[in-house]
Amino acid sequence: MKRQSRIISFLAAVIMIAAFIMPAAVVQANASGVFIRVNQVGYKPSASKVAMVLSSTNLNGVRYDVFNSSNTSVLNGTVSSANKGSWGDAGGANCAYTYALDFSALSTIGSGYYIKINNYTSPVFPVSDSVYSSLADLSMQFFKVQRCGNTNPKDHGVCHITGTSSSVDGKPDGASGTIDVTGGWHDASDYIKFMSTIGHVADVMLTTYIHHPEVFPSPESTGGVLTEAKVGLDFIRKMWDNTNQILYMEVADGLDHDVENDDLDSRSKCWPENDNTIYGASRPVHPCPAGKGANLAGKAAAALALGAKIWGDPSGPSYNAALASNYLTAAQQIYTWGKTRTGIAGDADEFYVDTDYKDDMAWAAAELYRATGTASYLADAKSYCDSAGEWYNKSDTSLNWSRAYAWANYEVASLDPAYKSTVISRMNNHLNVMKTYADAQFWNNSSQPKWGTYEAMSNNAVEAMMYQELSGNSTYFNLAQQQLDFMLGKNPWGVSMLNGAGTTWFQNPRHRVTTLNRVSNPGYQLLGAWSEGFETSAQYAVDQSDPLLSGQENPNIVQFNDSRMVWHDNRRDYATNEVTISGNVAGMAMAAFMGVSYTLSVPTVPTGLAAAAGSSQINVTWSAAAGAAGYDLEADGTIISNAVSPYVHTGLAPGQTHSYRVRAKNSAGTSAWSTAVSAVTSASAVDYPANADAYVRDGTYATTNYGTAATIDVKGDPDAG
99 MKRQSRIISF
109 LAAVIMIAAF
119 IMPAAVVQAN
129 ASGVFIRVNQ
139 VGYKPSASKV
149 AMVLSSTNLN
159 GVRYDVFNSS
169 NTSVLNGTVS
179 SANKGSWGDA
189 GGANCAYTYA
199 LDFSALSTIG
209 SGYYIKINNY
219 TSPVFPVSDS
229 VYSSLADLSM
239 QFFKVQRCGN
249 TNPKDHGVCH
259 ITGTSSSVDG
269 KPDGASGTID
279 VTGGWHDASD
289 YIKFMSTIGH
299 VADVMLTTYI
309 HHPEVFPSPE
319 STGGVLTEAK
329 VGLDFIRKMW
339 DNTNQILYME
349 VADGLDHDVE
359 NDDLDSRSKC
369 WPENDNTIYG
379 ASRPVHPCPA
389 GKGANLAGKA
399 AAALALGAKI
409 WGDPSGPSYN
419 AALASNYLTA
429 AQQIYTWGKT
439 RTGIAGDADE
449 FYVDTDYKDD
459 MAWAAAELYR
469 ATGTASYLAD
479 AKSYCDSAGE
489 WYNKSDTSLN
499 WSRAYAWANY
509 EVASLDPAYK
519 STVISRMNNH
529 LNVMKTYADA
539 QFWNNSSQPK
549 WGTYEAMSNN
559 AVEAMMYQEL
569 SGNSTYFNLA
579 QQQLDFMLGK
589 NPWGVSMLNG
599 AGTTWFQNPR
609 HRVTTLNRVS
619 NPGYQLLGAW
629 SEGFETSAQY
639 AVDQSDPLLS
649 GQENPNIVQF
659 NDSRMVWHDN
669 RRDYATNEVT
679 ISGNVAGMAM
689 AAFMGVSYTL
699 SVPTVPTGLA
709 AAAGSSQINV
719 TWSAAAGAAG
729 YDLEADGTII
739 SNAVSPYVHT
749 GLAPGQTHSY
759 RVRAKNSAGT
769 SAWSTAVSAV
779 TSASAVDYPA
789 NADAYVRDGT
799 YATTNYGTAA
809 TIDVKGDPDA
819 G
């Protein structure tokens, strides 16, 4: 997401399609004002399932049914939850009653389910363990449209090449000329390329793949995750000049962004392949300012180190030893460069303002350790994580392109089991803040309304699943499910925010290539794109003469806008409906982590229980059990809940026997007790001095070694009293 666009009005006379209305996937209002919102993509059998019902009439006590594809009722009940209050004061719906309808008892695998209340039905949805399995690959389709250069882009031509070069702007040594910085991805609706977002996107793609390759069945296919990530890696490699020690941060700048090219008179010039009217033959390339750039260096080095690991794996699908070596060398160079330039760099116009570098450098160090096994990188990674501040206690630190704290911590914990408990504690603190906020919200959204709300909500879901993986504890799974449900249709508007998923998805993104394609192909869809997110008020004005709109907002959507939450399916709304690569990779990661089959089992019995005794305390230790979220320790028959190894049993008397056993637990259950061990506190030893001194009041003294005798002659009584 970026700063407000300068909107240039359409000249409607250019083409005469003023009555154009997008086909399919139009939200239909019920005349009586009863609306049932569900996750249109569906649910896993064991997941919580909660629909939202909006109504103009009181439905308390009214029967509801869940029907299968044969129109047979398989579950029923009554609307009995408390009225959550009214909704729709900003759009006209003014639904006086809203209810949360829990139908989690539905667990039978099937398709074509729907909920019915009186004569009103929800969209159909499936129940399946694989219900989200295709969403990550669907999300990847968007990035093909964003490709720049000679990278086989989709739906536009090869673009932004002049030979193979773009011009250099502001090179520190004053040199002129051109360098090859072709490739990469356009950031959003405009055609700028930012290292801040391209680096982050490549990091997330490859980290997600490293942990969950099963979600990407064809990673090397056209548009597969590895094929796509390589577009980013090769661009990042070009943005590093090792000879002159320059890391470039941006290609093009605000001039491109300001000419949003909504004017159809200029449509032949605003296609990516014809985009030469602003800068001429080539575009400026901006270097990091002196002393700044650790944040961008971390993003870049992490991506390249991940590339080195993946392309350097002889058993992997993309083995290329020479390419892996090239990536690793550049990653190490950029990381070293970043360690001495701890100022924050962004871009020439401050569209993307970063807040820290430690999260990025921690991520880079972790991936360099993964790629090389060099212990100093792991030490660096932990040091950066430890010094990043208490991000995990704040409500405004949702993961996004600029806040990669949880990603970095997740990677370090995955590489160093001894650090796992620290990361679990941090994530638990942060997710508890997110959950507390979400529980208080009408729609259980975990992020405040802002630009990029869906990016934040997606990443909160990712962090919840990271926590579950690391801890074996599903405490925050419902938080993740709530975010996914919202974005796939359980929202005020009944619209899936992923184009191509569900029964009713958003249609009109703010996206220049989409706008241009619709001139000749009105039905064009930007498949795999995720919408940007809701705000608290409109940030734009509808152009009633816009030939690519129906002349008005879709009333079936905008009537559900509320003073607490506003969203528009309108290409003019840059704040709620512009698509971005960072927002899309967040949606992809959420889909991937939620698409994994998590079958939580009772943890194994802990092993390695040992007790080391002193005279007044016993240190009890044990090895981590697979899948454990916590431990109970029994000491002399008393159970200590949530004990942590090492456990120090204090206040003991000497010469006494004490026994211990331990069990592991998570949300699936508790293991059996381990075999008991015992230890005896040592007998109290007499503390004999090595020697003794004798003193008299006149200052005479004598020293004698312990075990020998000595005589001191004292003349007179030393104590006259």
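Take the sequence shown: its position 182, counted from the start at 1, is 280 in the numbering used here, and no numbers get skipped.
C-beta atoms are modelled at their ideal positions from N, C-alpha and C, and glycine is treated no differently.
- prompt: Three-state secondary structure (DSSP) at A722?
  reply: Numbered from its first residue, the sequence shown carries residue 722 at position 624. Reduced to three states, the DSSP call for A722 is coil.
- prompt: Does the stretch 564-582 come close enough to the stretch 520-540 that 3 or more CB-CB pairs lie under 8 Å?
  reply: Verdict: yes, contact present.
- request: Would you list the one or two residues that DSSP bridges to W185?
  value: The residue you call residue 185 lines up with position 87 of the sequence shown. Answer by DSSP bridge pairing, in chain order: C193.
task: Under 7 Å Cβ to Cβ from K53, same chain only, skipping five residues before and after it: list those, please.
output: Outside the modelled stretch of the chain, which goes from 99 to 819, sits residue 53, for which no answer is possible.
- prompt: For A203, does the count of other Cβ atoms within 10 angstroms reach 16, so buried, or fall short, so exposed?
  reply: In the sequence shown, the residue the question calls residue 203 occupies position 105. Label assigned to A203: exposed.
- prompt: Below 9 Å between beta carbons: does that hold for L624 and V560?
  reply: Your numbering for residue 624 matches position 526 in the sequence shown. Your numbering for residue 560 matches position 462 in the sequence shown. It is not a contact, given that the beta carbons lie outside the stated cut-off.
message: Less than 9 Å between the beta carbons of S235 and P143, yes or no?
response: Along the sequence shown, one-based indexing puts residue 235 at 137. Along the sequence shown, one-based indexing puts residue 143 at 45. Per the sequence presented here, residue 235 reads as Asp, with Ser not at that position. Going by C-beta atoms, D235 is not nearer than 9 Å to P143.
- prompt: Does the count of Cβ pairs from the stretch 315-324 and the stretch 281-300 closer than 8 Å reach three?
  reply: no
message: Measuring straight from C-alpha to C-alpha, what distance separates T779 and V694?
response: As a working mapping, residue 779 is identified with position 681 in the sequence shown. As a working mapping, residue 694 is identified with position 596 in the sequence shown. Between T779 and V694, the C-alpha separation is close to 49 Å.
message: Restricting to runs no shorter than 3 residues, where is the beta strand (DSSP E) found entirely within the stretch 379-428?
response: 383-385
- prompt: Alpha carbon to alpha carbon, how far is D447 from G471?
  reply: In the sequence shown, counting from the first residue as 1, residue 447 sits at position 349. In the sequence shown, counting from the first residue as 1, residue 471 sits at position 373. Computed Cα separation, rounded: 39 Å.
task: Using three-state DSSP, classify E633 as helix, strand or coil.
output: Taking the sequence shown and counting its residues from 1, the one referred to as residue 633 is at position 535. Looking at E633 - three-state DSSP - the assignment turns out to be strand.
field: V279 classed as buried or exposed, judged by whether at least 16 other C-beta atoms fall within 10 angstroms
entry: Your numbering for residue 279 matches position 181 in the sequence shown. Burial call: buried.
Three-state secondary structure assigned by DSSP to H254: Numbered from its first residue, the sequence shown carries residue 254 at position 156. Residue state, collapsed to three classes: coil.
message: To the nearest angstrom, how far is the alpha carbon of W628 from that of Y552?
response: Taking the sequence shown and counting its residues from 1, one reaches residue 628 at position 530. Taking the sequence shown and counting its residues from 1, one reaches residue 552 at position 454. Taking the straight line joining both Cα atoms gives about 8 Å.
- request: Report buried or exposed for V742, applying the criterion of at least 16 other Cβ atoms within 10 angstroms of its Cβ.
  value: As a working mapping, residue 742 is identified with position 644 in the sequence shown. Exposed, because fewer than 16 other Cβ atoms sit within 10 Å of the Cβ of V742.
task: Would you tell me roughly how many angstroms separate the C-alpha atoms of G175 and A687, rounded to the nearest one?
output: Here residue 175 refers to the residue found at position 77 when the sequence shown is read from its first residue. Here residue 687 refers to the residue found at position 589 when the sequence shown is read from its first residue. So the alpha carbons of these two residues sit roughly 35 Å apart.
field: Host alpha helix (DSSP H) of H310 (start-end)
entry: The residue you call residue 310 lines up with position 212 of the sequence shown. Taken as a continuous stretch (DSSP letters only), H310 belongs to no alpha helix (DSSP H), as it is neither H nor E.
- prompt: Any idea if R161 is buried or exposed, counting beta-carbon neighbours within 10 angstroms, 16 or more meaning buried?
  reply: Taking the first residue of the sequence shown as position 1, residue 161 is located at position 63. That one is exposed.
message: Check for me: the beta strand (DSSP E) holding M347 runs from which residue to which?
response: For this step, residue 347 is matched to residue 249 along the sequence shown. Looking at the DSSP string, the run of the beta strand (DSSP E) that includes M347 is 344-349.
- request: Please name the residue or residues paired with S179 in a DSSP beta bridge.
  value: Within the sequence shown, the letter at position 81 stands for residue 179. In the DSSP output, where bridge partners are listed per residue, S179 has none listed.
message: Here's the rule: buried if 16 or more other CB atoms are within 10 angstroms of the residue's CB, otherwise exposed. What is D445?
response: Start at 1 with the first residue of the sequence shown, and residue 445 comes out as number 347. Its Cβ being crowded by 16 or more others within 10 Å, D445 is buried.
field: Within the stretch 277-306, ranges of the alpha helix (DSSP H) (whole runs, at least 4 residues)
entry: If we require 4 residues or more, the stretch 277-306 turns out to have no alpha helix (DSSP H) run fully inside it.
field: Those runs of the alpha helix (DSSP H) which lie wholly inside the stretch 532-600 and span at least 4 residues
entry: 551-569, 575-585
Cβ pair count under 8 Å reaching 3, the stretch 586-602 against the stretch 338-346: no
query: What number of angstroms, rounded off, separates the C-alpha of S569 from the C-alpha of A762?
result: Looking up residue 569 in the sequence shown gives position 471. Looking up residue 762 in the sequence shown gives position 664. Using only the alpha carbons, I get a separation of about 12 Å.
- request: Closer than 6 Å by C-beta to S226: which residues in its own chain qualify, once you throw out the five before and the five after it? Chain order, please.
  value: As a position in the sequence shown, residue 226 is number 128, starting the count at 1. Excluding positions up to five away in sequence, the list reads I207.
- request: Report, in whole angstroms, the separation of the C-beta atoms of G410 and A399, which I expect to be a contact under 8 Å.
  value: Numbered from its first residue, the sequence shown carries residue 410 at position 312. Numbered from its first residue, the sequence shown carries residue 399 at position 301. Their Cβ separation, rounded to whole angstroms, is 16 Å, which puts G410 and A399 out of contact at 8 Å.
field: Simplified DSSP assignment, three categories, for Q126
entry: Within the sequence shown, numbered from 1, the residue matching residue 126 stands at position 28. Bear in mind that the predicted position of Q126 carries a pLDDT of just 39, short of 50, making it too unreliable to give a figure here.
query: Can the beta-carbon of G626 be found less than 9 Å from the beta-carbon of Q239?
result: The residue labelled residue 626 in the question sits at position 528 within the sequence shown. The residue labelled residue 239 in the question sits at position 141 within the sequence shown. Contact flag set, yes.
- request: Alpha carbon to alpha carbon, how far is I738 from S661? Give it in angstroms, no decimals.
  value: Stepping through the sequence shown from its first residue, residue 661 is reached at position 563. Stepping through the sequence shown from its first residue, residue 738 is reached at position 640. Going from the Cα of S661 to the Cα of I738 covers about 49 Å.
query: What residues in its chain sit with their C-beta under 7 Å from that of P121, if we drop five residues either side in the sequence?
result: By 1-based counting over the sequence shown, the position of residue 121 is 23. Reliability of the predicted coordinates at P121 is poor, the pLDDT of 32 falling under 50, and no value is obtained from them.
query: How many angstroms separate the CA atom of A554 from the CA atom of W505?
result: Translated into positions along the sequence shown, residue 554 becomes position 456. Translated into positions along the sequence shown, residue 505 becomes position 407. When rounded, the distance between both Cα atoms is 13 Å.
- request: Compare the C-alpha of P385 against each of V323, N372, V329, I277 and name the closest.
  value: The residue given as residue 385 occupies position 287 in the sequence shown. Checking every option, the nearest Cα to that of P385 belongs to I277.
field: Nearest candidate by alpha-carbon position, reference R610, set V139, N659, P744, N675
entry: Looking up residue 610 in the sequence shown gives position 512. Per the Cα distances, N675.
message: Within the continuous beta strand (DSSP E) that includes Y508, where are the two ends?
response: As a position in the sequence shown, residue 508 is number 410, starting the count at 1. It is not in any beta strand (DSSP E) - Y508 instead sits in the alpha helix (DSSP H) that spans 503-513.
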